[in-house]
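Trainee: Going by numbering that gives the first Met the number 0, the first sequence opens with residue 0, and the numbers climb by one from there.
Cβ atoms here follow ideal geometry from the backbone N, Cα and C, with glycine treated the same way.
Model, not experiment: these values are computed from the prediction.
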Amino acid sequence: MWIALVDCNNFYVSCERLFKPALEHQPVVVLSNNDGCAIARSEEAKQLGVKMGTPEFMIDSIIKNKIVKCSSNYPLYGDLSSRVMKTLSSFVPQIEIYSIDEAFLDMTDMDIMGLHDTGVMIRNTVKKNIGIPVSVGIAPTKTLAKMANRYAKKMLREIGVFHASDEKIINQMLSYTRVEDIWGVGRQYAELLQRHGFLTAFDLKNAPEEWMRKNMTVQGQRLQNELKGIPSIEWQFVSKTKKNICTSRSFGKLLTDKTIIQQAVCDYTASCAFKLRKERTCAKSIAVFVQTNPHRKDDVQYVRSIIVQLPSPSNDTSVLIKQAIKGFNIIFKDGYKYMKCGVEVHGLVPETQVQLNLFELAETEKKKKLTKTLDTVNRSLGKNLVKYAVQSSENKYKLRADYLSKRFTTNFDEILEVNL
DNA sequence: TCTGGGGTCCTAGGACCC
DNA sequence: TCTGGGGTCCTAGGACCC
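1) Counting only the same chain and skipping the five closest in sequence on each side, list residues whose C-beta sits under 8 Å from that of S404.
2) Determine the extent of the beta strand (DSSP E) in which D116 is found, giving its start and end residues.
3) By Cβ distance below 6 Å, which residues in the same chain neighbour Q25 in space, the five residues on each side in sequence not counted?
4) Within this structure, are the beta carbons of V5 and V135 separated by less than 7 Å?
5) Hey, would you say C245 sits closer than 7 Å to E343, going by beta carbons?
6) Judging by CA-CA distance, which residue of V119, G77, K339 is the nearest neighbour of F288?
7) Kindly list the residues whose CB is nearer than 7 Å to the CB of S13, restricted to its own chain and excluding five residues on each side of it in sequence; keep chain order.
8) Applying the 10 Å Cβ sphere with the 16-neighbour rule, what's the burial state of W234?
9) Helix or strand or just coil, what does DSSP make of E233?
10) Can you tell which of V217, V91, D59, D315 has its C-alpha closest to the C-alpha of S284?
11) Contact defined as beta carbons within less than 8 Å: I believe D298 pairs with K336. What is the distance between those atoms, to the nearest angstrom?
12) In whole angstroms, give me the CA-to-CA distance for W182 and A37.
13) Let me know the beta strand (DSSP E) ranges lying completely inside the segment 282 to 361, each 3 residues or longer, listed in chain order.
14) Can you look up L415 in the DSSP assignment and give me helix, strand or coil?
15) Looking only at its own chain, which residues have a Cβ that is under 7 Å from the Cβ of I429, when we skip the five neighbours before and after it?
16) Which one of A144, Q290, R276 has the shortest CA to CA distance from A348?
17) Going by DSSP, what residue range makes up the beta strand (DSSP E) through F103?
18) Residue range of the alpha helix (DSSP H) that T86 falls in?
19) Going along the chain, which residues of its own chain have a beta-carbon closer than 8 Å to the beta-carbon of Y402, five neighbours each way excluded?
20) Of the choices P207, E43, T291, whose alpha-carbon is the least far from that of L22?
21) Taking the straight line between their C-alpha atoms, what separation do you get for V27 and I121?
22) Measure the alpha-carbon distance for A286 versus G185 and round it to whole angstroms.
23) For D6, does the three-state DSSP call read helix, strand or coil?
24) Mind listing, in chain order, the continuous beta strand (DSSP E) runs of no fewer than 3 residues lying wholly within the segment 197 to 267?
25) For L419, which residues in the same chain have their Cβ closer than 6 Å to its Cβ, ignoring the five residues on either side in sequence?
26) State the DSSP-derived secondary structure class of S270, mapped to helix, strand or coil.
27) Might you give, ordered along the chain, the residues of its own chain that have their beta carbon closer than 6 Å to the beta carbon of G77, omitting 5 neighbours on each side?
28) Using DSSP's beta-bridge definition, name the partner residues of S98.
29) Just verifying my parser: in three-state terms, what is the DSSP assignment at R399?
30) Report all residues from its chain with a CB closer than 6 Å to the CB of I96; omit the five preceding and five following residues, and keep chain order.
31) Which whole-angstrom value describes the C-beta separation of N224 and H345, a residue pair presumed to lie in contact below a C-beta threshold of 8 Å?
32) So, for E179: in the same chain, excluding its five sequence neighbours on each side, which residues have a beta-carbon less than 6 Å away from its beta-carbon?
33) Distance check for L47 and K296, CA to CA, integer angstroms please.
34) In chain order, what residues of the same chain lie with their CB nearer than 6 Å to the CB of K366, ignoring the 5 residues before and after it?
35) My output table needs one value for K19: the three-state DSSP class, helix, strand or coil.
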């Protein structure tokens, strides 16, 4: 089996550059929600020492005025992503979209002109059609394809394609790759592995199976098999239905006022309810959490969450808001400076599976019509103008987005972006 | 002054049932 | 004095991903 992992280079930065060619060859970062920290960096920005997750104020303190900052613009990235994915789909029978900027391609039947050349063709076509640069890694398993992709970026920058085509080449790649750079090995496991003398992916491939199982659970076993060239991660051509849905945000500034925070909780609940309806699922329970800013060492800290069971599974905004407020009232305490709150819905079941008694049924039909109308109106306006009374009518917890680019390819309204 | 948001999978341990 | 065992469901928490 041959698997390709196609990955857009510095995706968010590449999207911004597409519409602002002057950013080409400039150090550019894209900032997270709230303009909090860097979540995408151009090569030039990486060379200036900007790390993933560097807070904006630290970027300023090191290299003020040398770098272009963009607020993140998810509608734009989402639209370009689907165009890239559509182009990739034209090459192979099926692709697995792994994230906004990555997809796995089953290349097993593609070996007509040689897999390396096929990879080059894919890369050139995406660049020509969409304008986004991509890298391609081809190998016998997903984990090795990820590694090959990274190798292409690091070692074969100009070509941007690497085919790990036989055992000798794969072993070279494994020896080159340090454990902390393997897909599936995070900081904790990397430290553990290094302590035990496993430094490269090649070491890990040859580690005792017993040890892997004992210290890294079944995931470690799977990972080791993948490194040995035995595919152990299933294809996922159709996206699974979600198991949890979450909406949470940091506030633009620290908040103490219960009413304003409750409005945020209600807005995020409405957002979760909308996502549930889009997925055609209902939630069994809803969790609410609030927290202070852990980075402010001098402030008194408070973090709390609560799970509220719903009377019956629901995706109705008013039902969810009612329960969310109930939970919020239990966990909220005066006297703290809050930085963030969020809402998470759990135990999702298909809409069609929800059992109701007759009384509930009659009520639900009425509510469904109301909800459908609200969704339709809000969608056609391109923003959430129509709301329940407990939601916010103005942005008292508004997020910052000082460097926002225009929505070049979509009709989304500015307000949708900054409001939620 | 200023530090993201949205997910997944796995395991352990408790509650409960027979 | 001796005090089962297996199964399921749920939740919390850890680790990881982009």
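Mentor: According to the structure data:
1) For this step, residue 404 is matched to residue 405 along the first sequence. Result list for S404: E15, F18, K19, C69, S70, N72, L75, in chain order.
2) Residue 116 sits at position 117 when you count from the first residue of the first sequence. That residue, D116, is in no beta strand (DSSP E); its alpha helix (DSSP H) goes 114 to 128.
3) Position 26 of the first sequence, counted from the first residue, corresponds to residue 25. Counting only Cβ-Cβ distances below 6 Å, and skipping sequence neighbours, we find V67.
4) To locate residue 5, count along the first sequence from 1; it is residue 6. To locate residue 135, count along the first sequence from 1; it is residue 136. Yes; because the gap between Cβ atoms is below 7 Å, this pair is in contact.
5) For the purposes of this step, residue 245 is taken as residue 246 along the first sequence, with counting starting at 1. For the purposes of this step, residue 343 is taken as residue 344 along the first sequence, with counting starting at 1. Result yes, Cβ atoms of C245 and E343 sit closer than 7 Å.
6) Against the first sequence, residue 288 aligns to sequence position 289. Answer by Cα proximity: K339.
7) Taking the first sequence and counting its residues from 1, the one referred to as residue 13 is at position 14. Excluding positions up to five away in sequence, the list reads C7, I131, P132.
8) For the purposes of this step, residue 234 is taken as residue 235 along the first sequence, with counting starting at 1. The residue is exposed, with fewer than 16 neighbouring Cβ atoms inside 10 Å.
9) As a position in the first sequence, residue 233 is number 234, starting the count at 1. Reduced to three states, the DSSP call for E233 is coil.
10) The residue you call residue 284 lines up with position 285 of the first sequence. Answer by Cα proximity: D315.
11) By 1-based counting over the first sequence, the position of residue 298 is 299. By 1-based counting over the first sequence, the position of residue 336 is 337. Confirmed, about 6 Å.
12) Reading the first sequence from its first residue, position 183 is the one you call residue 182. Reading the first sequence from its first residue, position 38 is the one you call residue 37. In a straight line, the C-alpha of W182 is about 21 Å away from that of A37.
13) 302 to 313, 337 to 345
14) As a position in the first sequence, residue 415 is number 416, starting the count at 1. Reliability of the predicted coordinates at L415 is poor, the pLDDT of 34 falling under 50, and the value obtained from them is presented with this limitation in mind. In this structure, L415 counts as helix in the three-state DSSP scheme.
15) Missing from the structure shown is residue 429; the chain here goes from 0 to 419 and no further.
16) Locating residue 348 in the first sequence gives position 349, where the first residue counts as 1. Ala is not the amino acid found at residue 348; the sequence shown has Val there. Checked all of A144, Q290, R276; the closest Cα to V348 is R276.
17) Counting from 1 along the first sequence, the entry for residue 103 is found at position 104. Unbroken beta strand (DSSP E) run through F103: 101 to 105.
18) Stepping through the first sequence from its first residue, residue 86 is reached at position 87. Residues 73 to 88.
19) To locate residue 402, count along the first sequence from 1; it is residue 403. Excluding sequence neighbours, Y402 sits near L30, D34, K68, C69, S70.
20) Here the question's residue 22 lines up with position 23 in the first sequence. The option with the nearest alpha carbon to L22 is E43.
21) The count along the first sequence starts at 1 and reaches residue 27 at position 28. The count along the first sequence starts at 1 and reaches residue 121 at position 122. For V27 and I121, the distance between alpha carbons rounds to 26 Å.
22) Position 287 of the first sequence holds residue 286. Position 186 of the first sequence holds residue 185. The alpha-carbon atoms of A286 and G185 are separated by roughly 27 Å.
23) Mapped onto the first sequence, residue 6 falls at position 7. Looking at D6 - three-state DSSP - the assignment turns out to be strand.
24) 244 to 254
25) As a first step, residue 419 must be located in the first sequence, where it is residue number 420. Legend: pLDDT at L419 = 33, less than 50; position of this residue unreliable, value from coordinates given subsequently. S270, listed in sequence order.
26) Counting from 1 along the first sequence, the entry for residue 270 is found at position 271. S270: helix per DSSP, three-state reduction.
27) Translated into positions along the first sequence, residue 77 becomes position 78. Nothing listed; no residue qualifies.
28) Working through the first sequence from its first residue, we reach residue 98 at position 99. Per DSSP, E101.
29) In the first sequence, residue 399 corresponds to position 400, counting from 1. Of the three classes helix, strand and coil, the one that applies to R399 here is coil, per DSSP.
30) Along the first sequence, one-based indexing puts residue 96 at 97. Correct list, in chain order: M84, A102.
31) Sequence index remark: in the first sequence, residue 224 carries index 225 (1-based). Sequence index remark: in the first sequence, residue 345 carries index 346 (1-based). That belief does not hold up - the Cβ atoms of N224 and H345 are roughly 32 Å apart, past 8 Å.
32) By 1-based counting over the first sequence, the position of residue 179 is 180. Counting only Cβ-Cβ distances below 6 Å, and skipping sequence neighbours, we find A189.
33) Walking along the first sequence from the start, residue 296 turns up at place 297. Walking along the first sequence from the start, residue 47 turns up at place 48. If you take the alpha carbons of K296 and L47, they lie about 29 Å apart.
34) Translated into the one-based positions of the first sequence, residue 366 becomes position 367. Correct list, in chain order: D315.
35) Counting from 1 along the first sequence, the entry for residue 19 is found at position 20. Correct three-state label for K19: coil.
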